[in-house]
Amino acid sequence: MRIAVDAMGGDFGPRTTVRGVAQALAANAEYSATLFGPSDVLYPFLEALPASLRDARERMSLVHAEHVVGDDVRPSRVLRAPDTSSMHQCLLALSDGRAQACVSGGHTGALMALARHYIGMSAGLERPAISAAIPSERDGRCYMLDLGANVDSPPRNLAQFARMGAAMASIVDGLACPRVALLNVGVEPGRGERRVRDVDALLRSSPSSGFDYVGFVEGDAIFSGKVDVVVCDGAVGNVVLKSSEGLARMLGQRLQQTFEHSWRTRLVSLLARPALSRFREELDPVRYNGASFLGLAGTVVKSHGGADARGFSFAVRRAALEASQRLPERLSEWLVGE
């Protein structure tokens, strides 16, 4: 399993991507990776990997890519630019079969535009959607989409996203009949804006044997464990995701401050250390880094731009998992047979 990596993407570039890739490869001997970027920039980071990651280093190769897609670039300009950037070359490797998946922490709009250009859409799908797994009660997770690929999506696209999300939950998590819901300002019929009500009508008028459409839910249902897929417009989804990440970080910091308040609370924290460690681990947004570009004809995963090496490693693992499960092909097959 070879993963193509835009090693220059994200806020920290190769300072985090190179080590993150090595950590992902160290976790699975079947993974290998090709890193794209200026070779004179990347090579020192490869050489600086610790001895514990040397075995992974042997499965990492470099391909020189002279330019970098900036964070302030317009997606339309990226499409007209020469294909000499690390992001271009990363997607070209996926397109021509040199890699089975692509990971980048770069500009989301540029990555989406180039992915649609080089990889294309799966048959029968109109637009891609960004999806991520959100932790929920009882050690579960809820797939949420769209998280920013589209703004003001028409009802037919949102209804299609519902089916795409159900397919992902079925394929990746093995759910026989995923529970799918629409995010809304209330659960009662007739609530919310016209577009959301129209999506509800579309899903009710064409029921599916592949998933259980449960109707409207409010934001708290995302974490309740009562639904497996939540669908919303990209602008709404992006706000929910970023707010959730910020809340998780704040809770972790407040918890630490509380237990460091006095010698008594520090003693309690020592006694409760195993449970607290599990709690912090479950809250840590890093564990859930890696958003899938659903609907494309290949596996493309977007890492959070601010992810550290550990976070980037989770995005690489996510891409490898989806590629090994043939998610794009099976998603298309699932939708045709649904």
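Per our numbering, the very first residue in the sequence shown carries number 856; after that it's consecutive.
Glycine residues also receive a C-beta, built at the ideal position from the N, C-alpha and C atoms.
Is it right to say residue i is buried, meaning 16 or more other beta carbons lie within 10 angstroms of its own, or is it exposed?
| i | result |
| --- | --- |
| M1105 | exposed |
| S916 | exposed |
| D926 | exposed |
| L1102 | exposed |
| G1145 | buried |
| A954 | buried |
| A911 | buried |
| V1006 | exposed |
| R982 | buried |
Please report the straight-line C-alpha distance between residue i and residue j, rounded to a whole angstrom.
| i | j | result |
| --- | --- | --- |
| F891 | H1159 | 18 Å |
| T939 | V1155 | 19 Å |
| A1152 | A984 | 13 Å |
| S1168 | A920 | 22 Å |
| A1178 | A859 | 12 Å |
| L949 | L980 | 20 Å |
| G1107 | S1098 | 14 Å |
| V1084 | A881 | 31 Å |
| S1117 | Q1111 | 12 Å |
| S1147 | L946 | 14 Å |
| P869 | S986 | 25 Å |
| A877 | D994 | 28 Å |
| R1172 | A879 | 6 Å |
| A956 | L1149 | 13 Å |
| C1032 | A978 | 23 Å |
| Q944 | A1056 | 42 Å |
| D1265 | N1039 | Residue 1265 is absent from the model: the chain starts at 856 and stops at 1193. |
| E1188 | T1113 | 51 Å |
| E1115 | A906 | 35 Å |
| R914 | A888 | 6 Å |
| R1109 | V1082 | 29 Å |
| D951 | A1170 | 22 Å |
| R1034 | G1041 | 18 Å |
| E1184 | L1190 | 10 Å |
| H972 | S991 | 35 Å |
| R1181 | M856 | 12 Å |
| N883 | L908 | 12 Å |
| R1142 | G1070 | 29 Å |
| P899 | M863 | 14 Å |
| P1062 | R1121 | 55 Å |
| L904 | G961 | 23 Å |
| F867 | D895 | 16 Å |
| S1059 | L1186 | According to the sequence provided, residue 1059 is Arg. The question's Ser does not apply to it. Going from the Cα of R1059 to the Cα of L1186 covers about 21 Å. |
Grab the span of the beta strand (DSSP E) containing residue i for me, first residue to last.
| i | result |
| --- | --- |
| G1070 | 1067-1072 |
| L1038 | 1034-1038 |
| M915 | 915-919 |
| L1149 | 1146-1149 |
| K1157 | 1154-1157 |
| R1104 | R1104 -> not in any beta strand (DSSP E); alpha helix (DSSP H) instead, spanning 1089-1114. |
| N891 | According to the sequence provided, residue 891 is Phe. The question's Asn does not apply to it. Per DSSP, F891 belongs to the beta strand (DSSP E) from 887-892. |
| P861 | The residue asked about is misnamed: residue 861 is Asp in this sequence, not Pro. That run of the beta strand (DSSP E) goes 857-861. |
| R996 | 995-1000 |
| M987 | In the sequence under discussion, the amino acid at residue 987 is Ala, which differs from the Met named in the question. Start and end: 984-991. |
| V958 | 956-959 |
Would residue i pass as a contact of residue j if the rule is Cβ separation under 8 Å?
| i | j | result |
| --- | --- | --- |
| D861 | S931 | no |
| A965 | V918 | no |
| A1162 | T963 | no |
| A1004 | M967 | yes |
| G875 | R1165 | yes |
| D1088 | S1008 | yes |
| G1020 | Y998 | yes |
| A1175 | Y886 | yes |
| D1001 | G1080 | no |
| I1077 | I974 | no |
| V1072 | A1036 | yes |
| V924 | L897 | no |
| L901 | M942 | no |
Kindly indicate the opening and closing residues of the alpha helix (DSSP H) around residue i.
| i | result |
| --- | --- |
| I974 | Segment: none, I974 is in no alpha helix (DSSP H) and carries neither H nor E. |
| S1060 | 1049-1060 |
| I1026 | 1010-1028 |
| M942 | 941-950 |
| S931 | 930-935 |
| A1076 | Where A1076 is concerned, there is no enclosing alpha helix (DSSP H), given that its DSSP letter is neither H nor E. |
| A906 | Per DSSP, A906 belongs to no alpha helix (DSSP H) and is neither H nor E. |
| V1171 | 1164-1179 |
| V1084 | Looking at the DSSP string, V1084 is not in any alpha helix (DSSP H); the run it does join, the beta strand (DSSP E), is 1084-1086. |
| V924 | Unbroken run through V924: none, as it is neither H nor E. |
| A882 | Per DSSP, A882 belongs to no alpha helix (DSSP H) and is neither H nor E. |
Please confirm if residue i has its CB atom under 8 Å from at least one CB of chain D.
| i | result |
| --- | --- |
| V1171 | Given the protein chain composition of this structure (a single chain), no chain D is represented. |
Open item on the list: Contact between the segment 1008-1019 and the segment 1038-1045 is defined here as three or more beta-carbon pairs at a separation below 8 Å; is this criterion met?
Closed with: Contact annotation: the segment 1008-1019 does not touch the segment 1038-1045, with fewer than three C-beta pairs closer than 8 Å.
Open item on the list: With a threshold of 8 Å, are at least 3 pairs of Cβ atoms found where one atom belongs to the segment 1063-1075 and the other to the segment 1020-1031?
Closed with: Contact between the segment 1063-1075 and the segment 1020-1031 is present, because at least three Cβ pairs lie under 8 Å.
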